[in-house]
Amino acid sequence: MRLRKSSLLVAAAGALALTGLLVPRANAFPGGQLLIDSSAGTTMNAFDADTAGGALDVMGNARGSASTQYCFDIGSFSTVGLHDLSLSFAIAAVTTAPGGAFTTLDLAYGTNGTTWTNFDTIAINQDGSFHIINDNLPTGANSQSTLFLQFCFSGATNASGHVFVDNIQVNSVIPEPSTYLGSLLGLLGVLVLCWYQRQCLMRGLSFRRV
Numbered sequence: 008m009r010l011r012k013s014s015l016l017v018a019a020a021g022a023l024a025l026t027g028l029l030v031p032r033a034n035a036f037p038g039g040q041l042l043i044d045s046s047a048g049t050t051m052n053a054f055d056a057d058t059a060g061g062a063l064d065v066m067g068n069a070r071g072s073a074s075t076q077y078c079f080d081i082g083s084f085s086t087v088g089l090h091d092l093s094l095s096f097a098i099a100a101v102t103t104a105p106g107g108a109f110t111t112l113d114l115a116y117g118t119n120g121t122t123w124t125n126f127d128t129i130a131i132n133q134d135g136s137f138h139i140i141n142d143n144l145p146t147g148a149n150s151q152s153t154l155f156l157q158f159c160f161s162g163a164t165n166a167s168g169h170v171f172v173d174n175i176q177v178n179s180v181i182p183e184p185s186t187y188l189g190s191l192l193g194l195l196g197v198l199v200l201c202w203y204q205r206q207c208l209m210r211g212l213s214f215r216r217v
């Protein structure tokens with residue numbers, strides 16, 4: 008997991024800050040079904056000059072029904088002083104048999120890592136190509152000292168498919184001091200969660216089945 012900030016944004020408003028990491032919970036994804044694929048990434052929704060690299064590989068499950076959800080959580084990070092938050096990422100589903108890849112993604116946010124508010128349900132395109140998802144976070148995510156995001160997948164009935172998630176970004180309009188308004192209008196604070204080439208990112212994710 009990586010936090011990307013320009014020095015200008017840091018000087019102006021502090022941008023977004025990553026305040027802690029999560030310890031993996033019980034009821035995780037089945038062994039070997041959540042990993043980093045070093046060659047599956049994309050430049051879609053990438054930050055700056057980041058290259059394609061790898062992606063988070065969320066594999067279909069063979070242990071539960073299609074309604075069984077498997078989740079991972081990201082956070083916590085601070086959004087104090089920030090508003091108009093948005094979440095974006097690239098996602099692709101690849102399967103070799105019907106029911107092999109997850110078909111539904113539920114997105115939620117929370118402030119304590121245990122209580123969640125769903126803000127979107129996405130039908131995952133099954134065409135094998137990456138697509139960019141853009142979502143506005145609810146106003147309840149604004150100005151939180153600890154904010155968590157949760158990705159919950161369902162709809163898979165066997166383990167023959169993969170859902171790849173890459174280049175997760177949380178963006179926010181930064182409230183600028185009046186002296187900066189003329190030159191900084193429209194700049195965004197960006198929290199970029201790049202999955203590829205990150206040896207420590209698994210410590211920043213919490214994986215569970217519900």
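Quick note on the working numbering: the sequence shown kicks off at 8 and runs consecutively. All residues carry an ideal CB built from backbone N, CA and C; glycine is no exception.
What whole-angstrom Cβ distance do residue i and residue j have, given they're in contact under 8 Å?
i	j	result
S95	I140	6 Å
A97	T49	5 Å
L144	D80	Actually they do not touch by this definition, with Cβ atoms about 15 Å apart.
Excluding the 5 residues flanking residue i on each side, which residues of the same chain have their C-beta closer than 7 Å to its C-beta?
i	result
A47	G61, A62, D64 and F171
Q40	M66, N68 and A166
N132	A100 and H138
What is the rounded straight-line gap between the Cα of residue i and the Cα of residue j?
i	j	result
A104	A166	9 Å
F160	G106	13 Å
F137	T58	15 Å
S74	D91	32 Å
T146	L89	10 Å
T121	D134	34 Å
T118	V101	33 Å
G82	D55	22 Å
By Cβ distance, which residues of its chain are closer than 6 Å to residue i, with the 5 residues on each side in sequence left out?
i	result
S45	G61
N125	D113 and A115
D173	G48, T49, A62, A97 and W202
Taking 7 Å as the CB-CB cut-off, is residue i touching chain D?
i	result
D113	Here chain D cannot be found, since the structure has a single protein chain.
Among the residues of its own chain, which have a CB less than 8 Å from the CB of residue i, if the five just before and after it don't count?
i	result
A148	T86, L92, Y116 and L154
According to DSSP, what are the bridge partners of residue i?
i	result
L42	D64
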